[in-house]
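Report on one structure; see the data block that follows.
Numbering (this note's numbering), first residue to last: 1 to 369.
Right under this line is the structure:
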């Protein structure tokens, strides 16, 4: 079956599943924001999906390795926090209010000092950060590309006419339909394992997932093929982990400053500036990637972005290049350029389509997962 997991990773995966189901981590049970052990020097807040937990454990391991005082057993606890996005699975994110569904409960626990830091998939984090908190740290970025998964075709181009692709992402939907308007896109949600199970049960012919998430779960082998960036531009901040803390917590800021990957942060800040100008959330098909490369003996920051209609009937792209310290400026300029080119009618039409519940002729109804 496509969801099988190789034996070397089975125990770790089962542990993550237990944490996701029961809130058990590091020998304690997390319930309602209570610290059960009382010994932790750092309490990490996270969503409860296996992927979110894998990212929290990665953060824990980095902190333990970097700081001797955090290497003792019980020094770091992981607290599972259920979010609205995890609990409401029968609707597309575009119908529910967007990215903040995966972060607001974590924000509350952080501000209430029930947790010390929160670990996020950066692509789930709104561009507006709750006052009193900061996001000073990005861990080294994983592969940003999307993975195509199917037992019926090797890549999107090989799918038969009328095939159904499962994806909750308007970004993926619009880019798929721009190239293959004959396909159907079904909005279905859930964690990685749930989506793969639905694929096994043949509710859809194919699905797309972030390759970074599969790699972090030691599940890269389930990818049928990897979609190159010139074929599908990834989501803003895809593959990046962000760590949030309280603005006045000097201890946590000190820890996080030592974990931050500056190259990742430069790219992510550029992408999020682009997103902010376009007021992007899960209601708008927006994609963008920034990266650093060598040109003529010096490092430059390169950015590519796009906006699209959900049905793929119109896609507008933009490219920028500049100094590595100019990322936020580049992102904003790219967003303003697309905003001007698209015009007010473009965004008004997007909002009207969302409010009417119409995502285009190729958009199938949501499937509860």
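Idealized CB from N, CA, C, for every residue including glycine. Computed from a prediction, not measured in an experiment: that's the story for all the values here.
| Asked | Found |
| --- | --- |
| Using 8 Å as the cut-off, can you tell me whether the segment 65 to 74 makes contact with the segment 198 to 210, which would need three or more C-beta pairs spanning the two stretches below that distance? | no |
| So, under 8 Å CB-CB, residue 329 and residue 138 are touching, yes? Tell me the CB distance rounded to an integer number of Å. | Contact flag wrong, Cβ pair sits at about 19 Å. |
| Report yes if the CB atom of residue 343 is closer than 7 Å to the CB atom of residue 278, and no otherwise. | no |
| According to DSSP, is residue 161 part of a helix, a strand, or is it coil? | coil |
| Applying the criterion that 16 or more other CB atoms from any shown protein chain within 10 Å of the CB defines a buried residue, is residue 120 buried or exposed? | buried |
| Straight-line CA distance for residue 286 to residue 42? | 35 Å |
| DSSP three-state label for residue 349, please. | helix |
| Taking just the CA atoms, how far does residue 143 sit from residue 61? | 20 Å |
| Give a yes or no on whether the C-beta atoms belonging to residue 301 and residue 292 are separated by under 7 Å. | yes |
| Here's the rule I'm using: 16 or more other beta-carbon atoms within 10 Å means buried, otherwise exposed. How should residue 341 be labelled? | exposed |
| Do residue 223 and residue 163 have their beta-carbon atoms positioned less than 7 Å apart in this structure? | no |
| If you reduce the DSSP assignment to three classes, tell me which class residue 330 lands in. | helix |
| Of the residues 296, 118, 208, which one's Cα is nearest the Cα of residue 253? | 118 |
| Just the C-alpha distance for residue 248 and residue 133, rounded to the nearest angstrom, thanks. | 8 Å |
| Restricting to Cα atoms, I'd like to know which of 237, 150, 198 is closest to residue 221. | 150 |
| Using alpha carbons as the reference points, say which of 313, 323, 213, 273 lies closest to residue 294. | 323 |
| Buried or exposed for residue 77, please, with buried defined as at least 16 other CB atoms from any protein chain shown within 10 angstroms of its CB. | buried |
| On a CA-only basis, which of 49, 129, 165 is nearest residue 110? Give me that one, please. | 129 |
| Look at the alpha carbon of residue 25 and the alpha carbon of residue 57, and state the distance between them as a whole number of angstroms. | Note that residue 25 has pLDDT 48, beneath the 50 cutoff, so the model's placement of it is unreliable and the number below is only indicative. If I take the Cα positions, the gap works out to 10 Å. |
| Who does residue 120 pair with in a DSSP beta bridge? | 242 |
| How would you write the range of the alpha helix (DSSP H) that residue 198 sits in, first residue to last? | 192 to 200 |
| Taking the C-alpha atoms as reference points, what is the distance between residue 46 and residue 296? | 42 Å |
| Since residue 308 and residue 175 should fall inside the 8 Å C-beta cutoff, what is the C-beta to C-beta distance between them, to a whole number of angstroms? | 7 Å |
| Helix, strand or coil, according to DSSP, for residue 80 in the structure here? | strand |
| Name the DSSP bridge partner or partners of residue 316? | 307 |
| Just how far apart, CA to CA, sit residue 160 and residue 310? | 21 Å |
| Do residue 261 and residue 140 have their CB atoms nearer than 7 Å? | yes |
| Pull the bridge partners of residue 231 from the DSSP assignment, please. | Residue 231 is not bridged to any residue. |
| Nearest to residue 233 by alpha carbon, out of 126, 349, 226, 288? | 288 |
| How would you label residue 198, buried or exposed, when you count the other beta carbons within 10 angstroms and need 16 or more for buried? | buried |
| Excluding five sequence neighbours on each side, which residues of the same chain lie with their C-beta closer than 8 Å to the C-beta of residue 106? | 45, 46, 47, 81, 83, 115, 118, 120, 244 |
| Whose CA, out of 256, 331, 191, 225, lies closest to the CA of residue 152? | 225 |
| Tell me residue 67's beta-bridge partners as DSSP assigns them. | According to DSSP, residue 67 bridges with nothing at all. |
| Would you check if the distance between the CB atom of residue 135 and the CB atom of residue 242 is smaller than 7 Å? | yes |
| Would you kindly work out how many angstroms separate the C-alpha atoms of residue 191 and residue 211, rounded to a whole number? | 14 Å |
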